[in-house]
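The structure appears below as structure tokens.
Protein chains: 2
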Amino acid sequence: MEKRIQRVKEQLHAASYKLTPQREATLRVLLEREEDHLSAEDVYLLVKEKAPEIGLATVYRTLELLTELKVVDKINFGDGVSRYDLRKEGAKHFHHHLVCIECGAVDEIQEDLLGDVETVVESQYNFSIQDHRLTFHGICYRCQPKKD
Amino acid sequence: MEKRIQRVKEQLHAASYKLTPQREATLRVLLEREEDHLSAEDVYLLVKEKAPEIGLATVYRTLELLTELKVVDKINFGDGVSRYDLRKEGAKHFHHHLVCIECGAVDEIQEDLLGDVETVVESQYNFSIQDHRLTFHGICYRCQPKKD
DNA sequence: TCCAGTAATCAAAATCATTATTATATAATA
DNA sequence: TATTATATAATAATGATTTTGATTACTGGA
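Chains as they are written, first to last, in my numbering: chain A, 4 to 151; chain B, 4 to 151.
In structure tokens:
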């Protein structure tokens, strides 16, 4: 954990920003809740536990900054709020999501399923892919009708 | 064009809604601008040319209704506004998009590239897929650096 | 150490997309 | 025609996000 914070600190410095206590607290929340897809509000409430004097605007600015530095991904599942996801280190690509229409859970797929598809798109449409976003909507394993 | 309007009219009636002049004007805008990905505001401004007395809320309600009937798809590219796309008739699946990070153009891919991927996801994650959304971000053919 | 200049912060107000409300109009039905 | 349900326009309200203005913290010289 400390190592990752250290690395983000270096990234910030490289872009001539500083790792302030507020930014560090925000980052720690993101690291602790790595598996979740937190909204800005969620992050704010969690950061407040560590640093009660922080403001919502600061959290927004920090998340935006981290997005810019590609430390986090800003995702939008169409539910009206932006969510923030820590990028796996070294991951070039956005991972994929399974959104359950029953319970609303969002699961992740880490593997890159799109290798072949990308090749087709690149050549057929002469489109130079930087990133992709793939979301499946359906019913997750937890909500599958039980057969008994 | 008239045929498609007629068909939507039937769909509306089947769900006990009516094709009011405002709804028809909205639908006509969508048909005329089929290739675009219009925001609610865009649609509103265009409909206003035909039917100046229409209100923004009515456009929103109409778009919502058409989404419900699966006449249009409501898409979110993460730019803060929802966009509305007429569904190709008979299309079961959402089509895919190529979003250019240079010029902002949004192109469409009609073919379903995800058949194999879906099979993997369904079996491996025990996830019953209803729909999918795939967006590639990159540089479109128009913005490719010319080699001269 | 003191100071100037910049960066970062908080709190509050502003903005933007969207939704809810309300009163009115229009159409469908008895 | 009287009654009821639907749809509408205009406006207000909402909720997420951004901007603003005043304040504070940090940095590198005199």
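Just so you know, even glycine gets a beta-carbon here, dropped at the ideal spot from N, CA and C.
Check, Outcome
"To the nearest angstrom, how far is the alpha carbon of His98 of chain B from that of Arg7 of chain A?", "38 Å"
"Would you say Ile142 of chain B faces chain A, with C-beta separation under 8 Å as the test?", "yes"
"Can you pull the chain B neighbours of Leu116 of chain A, defined as C-beta to C-beta under 9 Å?", "Leu117, Asp119, Val120, Val123 and Val124"
"Assign Val62 of chain B to one of two classes, buried (16 or more other C-beta atoms within 10 Å of its C-beta) or exposed (fewer than that).", "buried"
"In chain order, what residues of the same chain have a beta carbon less than 8 Å from the beta carbon of Val46 of chain A, not counting five sequence neighbours either side?", "Thr29, Val32, Leu33, Val62, Leu66 and Tyr87"
"Could you tell me which residues DSSP pairs with Arg86 of chain A in its beta bridges?", "A:Ser42 and A:Ile78"
"Could you compute how far the alpha carbon of Arg136 of chain A sits from the alpha carbon of Pro24 of chain A?", "32 Å"
"Quick one: what's got a C-beta closer than 8 Å to Ala43 of chain A's C-beta in the same chain, skipping five residues either side?", "Leu59, Val62, Tyr63, Leu66, Val84, Ser85 and Tyr87"
"Per DSSP, what are the beta-bridge partners of Ser131 of chain B in this structure?", "A:Ile142"
"Rounded to a whole number of angstroms, what is the C-alpha to C-alpha distance between Leu154 of chain A and Arg90 of chain A?", "This structure gives no information on residue 154 of chain A, because the portion of chain A shown stretches from 4 to 151."
"Check distances from the C-beta atoms of the region 130-141 of chain B to those of chain A and list, in chain order, the residues that come in under 7 Å.", "Phe130, Ser131, Ile132, Gln133, Asp134, His135, Arg136, Leu137, Thr138, Phe139, His140 and Gly141"
"Taking Cβ-Cβ distances shorter than 7 Å, what residues in chain A pair up with Ile8 of chain B?", "In chain order: nothing, as chain A lies at least about 28 Å away."
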